[in-house]
Every structure is written in structure tokens, then in C-alpha cells.
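Heads up: the structure comes next, in C-alpha cells.
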Amino acid sequence: LTVPGIRYVVDSGLARIKRYSYRNKVEQLQIEKISQASANQRAGRCGRVAAGVCIRLYDEQDFGSRPPYSEPEIQRSSLAGVILRMKGLRLGDVEDFPFLEAPPQKAISDGYQLLLELGAVTAEHALTPDGQELAKIPLDPRLGRMIVAARDEGCLREVLVIAAALSVQDPRERPQERQGSADAAHRKFADEKSEFLSWLKLWDWYQAELDHRKSQRKLVEACHANFLSALRMREWHDIHGQLHALAAEHQWRENQLPATYDAIHRALLAGLLGNIGCKSEEAAHYLGARGIKLLIHPASALQKKAGKWIVAAEISETTRLFARCVARIEPEWLERVGAHLLKRSHFDPHWEKKAMQAIAFERITLHGIVVDPRRRVSFGPLNPPAAREIFIRQALVEGEVSEEFARRWAFFTHNQQLILEIETLEHKSRRPDVLVDDELIFTFYDQIIPDGIYSGASFDKWRSEAERGHPRLLHLLREDLMRHEAAGITSEAFPHQLQLGGVDYPLAYHFEPGSARDGVTLTVPLAQLNQLPAARCEWLVPGLLKEKVVQLVKTLPQRIRAKLVPVPDFAAEFVAQVPPVDKPLVSALIGFIVQSRGLNARGWEITPDAFRPDAVPAHLNFNFRLIDDNGRQLGISRKLSELRSEWGREAKQEFAELHETPAELSGLTDWSFGELAELIEVDVGSGQSVLGYPGLADDGDSVSVRVFDSPGEALRSHAAGLLRLFMLQFGEQLKYLEKNLPGLTQMAMQFMALGTLDELRRQLLELAVARACLIEPWPTDATSFEARCLQARPRVGLLAQEIARLVGQILADWLALHKKLPAFKAYGSTVHDIEGQLARLIGKRFIADTPFERLQHFPRYLKAIALRLDKLKAGGAQGAARDARLLAEYLPLWTNYQRRTIVLAKQGVSDPQLEQFRWLLEELRVHLFAQELRTPSPISSKRLQKMWEGM
């Protein structure tokens, strides 16, 4: 245009030029240097009617380096529309058309690619039916594709409006000086999910204005008031009219009812599949087609709330890549609208037992954007040969078959049972080479089952037909599955259950060296944990006993082992001659060695500590598996003591809660309950019974009959209960003795630091009655109980006086030592040791809790402590050093005893051997610190250490 009066032009030498990026498929509006022709054109604007001045903001050298002319638009635009028109007009291939300025090949390829995306051409560049329709629509192919899709989706009325809007320049104005007001005016047209729907709201407003405004001037004023260009609104209205006429010409009927959000945006998506975006999980940008990263334009109402998936009317690059006019979409629509562009890859094919078919995961992408990362699909139709192999290997060979099909397939049950039997032989014989390789079983099925069978359903259909003529077609034979016979693997040598104490415990065999499950696992219910005979369990099962004996013998010293060679023959001899008994295996071995090899001469003594059971391979000890009443595993260990330590108390409680037996009585004051059996069968439910051990329990002023889960527990309770029952019979006699015990007042004063007079008197009488009445054999019925009462009655008084004198001496010596100790504060470790010893010997219930045969030695133990203190005082530094050395010799043995006591206390059981060891430790103290007092039998630290190792 010629604008009069222009005398000066300032030329920056730059312009924002629209250029289409073939790589990213986006319109770019980049600032570029203009050509020489454009620069001259700018200079000419100031010299149209008179001479003028042009000031160029770049030097002459820069001007000279610029291209003479601007690049033709056909070389920087998308050619999709051109190609489509040429195809529709049958003008031949675009590559052969004689353009004045031929577009580059990549532009032509990009055009075909866009048409393929729109479904307008095939991969061979031939027009599709949709393409033939698009060629007749004088619009950008993208907009035309939207209209065709809208016809099919039933939303033509709405999409015609939107397509017309996208064909013109945005009528919404946003003056620099009134941006806030413009934004406020436009806000009433905004939609929270889609900017495309904003066009519909704006259209409805404009149509209402057209209907109600009486003059063109008022319509223009309304547009200006709402910051809208009246000219562009009219242009939009005109183009919509043309599109409406075009639709009528093609006899496309517009919908009368408002279309849904989904239908409208699926139609729009058909033309904008290259303009989708998925929100990045790591950053604020969206991932677009072909790897581009884009942002929603800052002016968009949906910039911060667009959702995960969007479609944009336009993606343009200025300072950054921006999406304009966006809307939320659902990824499911992409699969429906862009089905012809989806790329599917499959991974992780695997067998699913429940579905009885091979399943894979499908990854779906569109233009490089992941639409669905992990969709579960049937693998069979995708790759029948591979799915068939998975079916045979996993279902038929590995046995991954659902219960429904397993019930119908007799051959499968037969084959799996056969394989299980042979695998059991492997576990029992501890040889992994009995069952043939899985590959041979696979080959068996592979040769029979035809191609195309890859699921449970297809196989079942084929099988039902095939087995009509050959019922055993799919049955495996034992000889086909075994490489060799497993000699010696019998049910006698390797039983499925082991009877211990009248109870059957299930056994499971597993061969997996190094695994916690390796060997034989014995399953024991919680209620029966304390009943399991630990000694008998050392004998394992007959089939493994010989191997265990061999391994135990190998741990013996060479001198003894030399007498037992060849060791396998000796082990076989032992197994043949010595049946399993409730006795430690090592003890039985010692007896057999002494008897069969004559090793009973001096110097050939064999003690249990000569063996090293810990050196025996783990599989030669039972793996004890503890379960609750629901079959759930509570614990597993190769050491029964560990399970009892952790679960012993719970086992007692479980046993008490499970059984209900008429053998239990309470409130008894005499023997009115008949004969007391040593053991009874206790019903614990579910048709199972275990052994229970009846015994009396002390309830204070009466006794009760209870059933215990172990003989040791029953014995301890029965002793206290029987004593209480005897004392109830001697009521009057004991009342007399309470008042006439010798030295009681003096003893009470000495006992004051420990307890009351009543507690002292009660213990003295309990011990007197116990010594008179609890003599082996104990009464088991009313007759023997009454007879014992008659025998004991005249002895109770004499025994009470004897015990009172003994306890009086003990308390006097104990009190004297306590008075003596403060003078030895300088010898801290010695005093600490003696205080601990005194506390363990003289406690609140030391009279009742200490066996009388040990209580008789208390005066000697206390005398030994006094002598130790005297030697310490007389010896000075040398005496202190000697005492410290002897204490260091003693303490390791005491520490071992303490640790074991704690374990048994947690377990709730006692060990007679450990109790004996405890008193031998007291004798060792006498031997170390007061040797002149002598001990009942020879004793030393070495002897006790050897004894400890054998326990």
C-alpha cells in the first residue's frame, strides 16, 4: 500500500516469519533476517511521492550477505492440502508437478505423513474414501477431517462452528494497555475443561447479539465492549455459513440436540492427532508427538488445570514451544480415533493359571507418546507358536493348571502323581537324577499336541476328541520318567509320618543342599510341642540313620575311630542291632561301641563329649516345623530346644485351652478321685488325640487334678500337690508343731530380712511332711495314700525338730557372714561374688525349694565362704591374687550354667542334669576356696568342663 507523507523508514532488518517445521510438525514464528528484496521494499515506502531517508540498523556487509529474494511460501509450508487437492483433481504425483519453485522432498514426505495421520491416504499414497471426501472440502485437511468425523460422531453443528473459528484470526482482542479488562471480558466465554468449547459460548453470545441488536452500529459497539473484533466476528460468521452450505450440499445433517463433550472432542481429535500432549511426571511440560516438549500458552485459561492428556488446535514455536487452544481428553479416545497410527509392542509373556492361557503385557504408543504402558492381553493370537510352548511347559510340564481343568483331565492327574512320586524318591534318596529332564516331558507333549493349541480351552476341545480313539494318548509311563531305579527307597525306610509317644507326626522330604528346607521336616502342632521326645528325634528315620551314625563316628578322636573301621560297616551293624529308643543317639552309640568292640578297659572311656554333633551335616537332623491349629507356620528350626525356648509357654497355654477331659477335678482335700494314671489320651479336636500327663496341683487350701502336656511339668506340679494333700491330713498335728518348734523365735529374728515368721514356720513344716511322706514310690491311689499317712504320722514331729536345728545353724552362719563382709570392701570382686552366692543359697523359700540332701550341705558351703574370707585377709596381696585366679577358673562354668538356665526358664522346662550341675558348682567352690573341708566326691574344673560338654 502507498501511504502518503512517509519521509523516513527505520529498518531493523528482521521479521517474524511463519515457517513450518517438518521435523516437529509445528508452525514456527521465528525472528529471521529479511532478504535484500524485502529490505529494498521497506526502503521504497519512504520514497513514493518524494525523496525520503531509510535508516538500516545493520551494516552494508550484512546486507550484501543476505539472499536476494525471500524463500517461496510453498517451500516453508505444509503441503498436505496441496497434495490432497492434486490427488482429488487427479493432477498426478506432486513429485512430478512442474512447480516454479519446487518444494523439497522432505516437505512432500511430511505432507503425505500428515494425510496418512488423517486417514486420507493409504501407505501407498492412494486416496481413501475419507480422503476423497476431504479433497472436496475447501479447508485445511485437518479442519476437514474434524468435520467428517463430526458427521459420524453426531456433533456436526458444534464442530462446524469450531472449524470456522479455527479458519480465521482470533477475534478476541487484548490491547497492551487494557489486558486486565480484556481478560475479564473474555472470562465469561471460558470453559474449565476445553478452550474449543469457549468458541461455542462465544458463538452463542454473538448469535444472540445478532438476533437482538437492531442496528449494525450497536452490534459493533457490543463487540468493542467485549474486546472483540467485529470484522473478524463477521468473517467467522461468513465462513461458518459457507461450511454450513457445504454440509448441506453433501447432505450431512446437523444434530438438533446438543452434542456431548466426548463426541465433540473425539471429532476434533481426528484432525489433531499430531497435537496431543501427555503431562510429564518429572517436570511441568507436556510430552508431545515425536518427542517434542511443549507448554500450554500462558494466556490460556487452562494453563494450570488442563489435566494429564490434552489436544491443542495449534502448536507453535516462538521463544518456546507452546500449545494454544487446548482441551482435556481421555487416552481411550486415542485408541479409537487413532487406531491406524498406534504402535503396539509386547513383553513379558507368561502363563496365568487362573486364565489358563499365556498372557503378555502390551505397550501402546501414538507418535512416541505412551498411551498405555502395561495392558494385559492374550498372547496366543499374537504369537501362536510361542504361546503353545508356554502352555506345554507351564501347564502340562510344570503343572500350573486350574482346579477346574485338572478335574477334567484324568491324564494330567495321573502324570502329576507319577512325577510327584518320583520327585519324592529323589528327595528321599537325596539324588537329583532319578526324574528325567523337563525337556523330555516337553518333547512328549510337543510331539502329540498339534499346532495352534495354546490355551486350556483350545487344548480341552482337542483333547476330548483325541482321547475318544486313544484314551491313554497323553498318559506318561513310569519307565519313561525314570532314569534309573531308586534302590532302597521304601516306605519303611522313609515313612510319611513318624509315631512318637503314640502320636503320628507328618514328615516331608526335601533335597536342596544349603537350603533351610533341606532334609526331613517334622511338623508339630503347637499344643504338642512340649510332648515331642527330643532324644527319640535324634534317631531321625531308618533310611538316614546309617548315614547319621557314619557322620557321628567320623567326629570321634582318631584313636577311637580306628577301632570302628570300616565305619560304614560299623554303622550298618549298629542300625541292624539297635532299634530306635527314647534315649539320646550318642548314648546308645557309646553303649554299643563299648559292648561290641570291648572298649571298657581303663583309658578307653568314651563320654558324650567325645562326639561333635554340630559337625554333622544339617540334613541329618530333623527340621522341626511348628504350626498353629490353622496350619500356619509359627517357627522352624533344627533345634527343638530353640522352638521350646520361644514357644514353650504358648504351647502349654494352647494345650490347656484345647483339651476338655473329665480327668480334671478341683477342691479336693483327700484322696477321693480314684487311681491316678501315669498318662491318658486327650482329645484336641479334629479327630486328633495327644498324650496328657495327669498330676495334682496345689491350690492352697485344697488340691486339684490337672492334665499337663509334658511328664516333667506334671511331675513338678504333682509333687507340690501331693505334699499339700498330705499336709491337709495332718492338720491338728501341724498346729501343735507350729507352737513347739525348737529355737523358732531366734530363727524368726534371723529370718526377718528374708520373710515373716509365718513363712518360716510354713516352710519348716512343709519340709518335715515332705521328708516323711514323699518317699518313692509315691501313692497312686487312696489305699496307698492312707497307708503312707499312717507310716509318716509318728515321724513328722521328729523330722520337724531335726530340720529346725539344721535351719537354725544355717541362718546363724548366714547372718554371721553378712556381718563379716563389710570389712572386706577393698576386695570388691570377691565380695560381689560371695554376695551373689549367698543370695542364691539363702532366699525367701530356700528351706522349701532346696532338696533336703543339698540343704544338709549348706553349713559346709557357708563354712567354706568363711574360710575363703579368712585366707583372703591373711594372704594380703598374694591371697587376693590367688582368690582372683581361682574365681577366674570358676566363672566360665558358672556363666555357661546361667545362660542355659535362662533358656530353660523361657522354655518353661527343667533339666535334671542341669540341676545336678548347679550343686556340683557349689562343691567346686568348696574345692577351690576351702579344700580342707573336702567334698563328697572328687571334683575339679576340668571334670565339670568335660561334663558340661557332654550335656
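Numbering (the numbering used here), first residue to last: 3 to 953. Even glycine gets a Cβ: it sits at the ideal position worked out from N, Cα and C. All values derive from a computational prediction rather than experimental measurement.
Three-state secondary structure assigned by DSSP to residue i
i, result
"Gly113", "helix"
"Arg901", "helix"
"Cys990", "Summary: the structure shown does not reach residue 990, with the chain confined to residues 3 through 953, and so no result is reported for it."
"Tyr695", "strand"
"Asn417", "helix"
"Thr852", "coil"
"Cys225", "helix"
"Glu778", "coil"
"Glu126", "coil"
"Ile682", "strand"
"Ala362", "strand"
"Gly503", "coil"
"Ala510", "strand"
"Gly7", "coil"
"Ala232", "helix"
"Glu103", "coil"
"Lys873", "helix"
"Ile592", "helix"
Cutoff 7 Å; reference residue i; Cβ partners in own chain excluding five residues on either side
i, result
"Lys1", "Absent from the structure is residue 1, since the part of the chain shown begins at 3 and ends at 953."
"Asn26", "Annotation note: pLDDT 49 at Asn26 (below 50); position unreliable, coordinate value reported separately. Counting only Cβ-Cβ distances below 7 Å, and skipping sequence neighbours, we find Arg292, Ile294."
"Leu587", "Glu540, Trp541"
"Leu1036", "Residue 1036 is absent from the model: the chain starts at 3 and stops at 953."
"Pro497", "Leu509, Val543"
"Val150", "Asp132, Glu135, Leu136"
"Arg797", "Ala774"
"Gln667", "The sequence as given places Leu at residue 667; Gln does not occur at that position. Result list for Leu667: Phe675, Ser706, Val707, in chain order."
"Lys138", "Gly90"
"Arg862", "Val928, Leu935"
Residue i burial status per 10 Å Cβ neighbour count (16 or more: buried)
i, result
"Thr832", "buried"
"Glu119", "buried"
"Lys356", "exposed"
"Ala653", "buried"
"Val809", "buried"
"Val28", "Confidence is the limiting factor: at Val28 the pLDDT is only 46, short of 50, which leaves the residue's position unreliable, though a coordinate-based value still follows. When all chains shown are included, Val28 counts as buried."
"Val522", "buried"
"Gly83", "buried"
"Pro106", "exposed"
"Val12", "exposed"
"Pro669", "Sequence check: residue 669 is Gly here, not Pro. So Gly669 ends up on the exposed side."
"Pro434", "exposed"
"Ser431", "buried"
"Leu946", "buried"
"Gly877", "exposed"
"His226", "exposed"
Expected contact under 8 Å - CB spacing of residue i and residue j to nearest Å
i, j, result
"Glu160", "Ala247", "Actually they are not in contact, since the Cβ atoms of Glu160 and Ala247 sit about 17 Å apart, beyond 8 Å."
"Ala360", "Ile392", "4 Å"
"Val313", "Val328", "7 Å"
"Thr782", "Glu677", "6 Å"
"Pro70", "Ser37", "6 Å"
"Tyr456", "Arg390", "4 Å"
"Arg376", "Phe363", "5 Å"
Proximal residues to residue i (C-beta, below 8 Å), its chain only, five neighbours per side dropped
i, result
"Ala536", "Leu642, Ser643"
"Arg892", "A quick correction: the sequence has Tyr, not Arg, at residue 892. Contacts found: Leu923, Leu926, Arg927, Leu930, Ser943."
6 Å CB neighbourhood of residue i in its chain, flanking five on each side removed
i, result
"Leu212", "none"
"Ala495", "Pro544, Gly545"
"His369", "Ala291, Arg292"
"Leu275", "Glu119, Gly340"
Practice task
Counting only runs of 3+ residues fully inside the stretch 260 to 319, write out the beta strand (DSSP E) ranges in chain order.
Solution key: 278 to 281, 288 to 290, 295 to 298, 311 to 319
Exercise for the section: At 4 residues or longer, and completely inside the stretch 367 to 447: list those alpha helix (DSSP H) runs for me, N to C. Expected result: 386 to 392, 405 to 410, 412 to 431
Problem - Entirely enclosed alpha helix (DSSP H) segments - the stretch 17 to 72, minimum 4 residues - result: 38 to 46, 62 to 67
Problem - Contained alpha helix (DSSP H) runs [length at least 4] in the stretch 503 to 574, N- to C-terminal order - result: 536 to 539, 544 to 555, 560 to 563
Exercise for the section: Could you tell me which uninterrupted alpha helix (DSSP H) segments, each at least 4 residues in length, are contained entirely in the stretch 707 to 739, listed from first to last along the chain? Expected result: 713 to 731
Problem - alpha helix (DSSP H) runs contained entirely in the stretch 158 to 185, provided each spans 4 or more residues - result: 158 to 169
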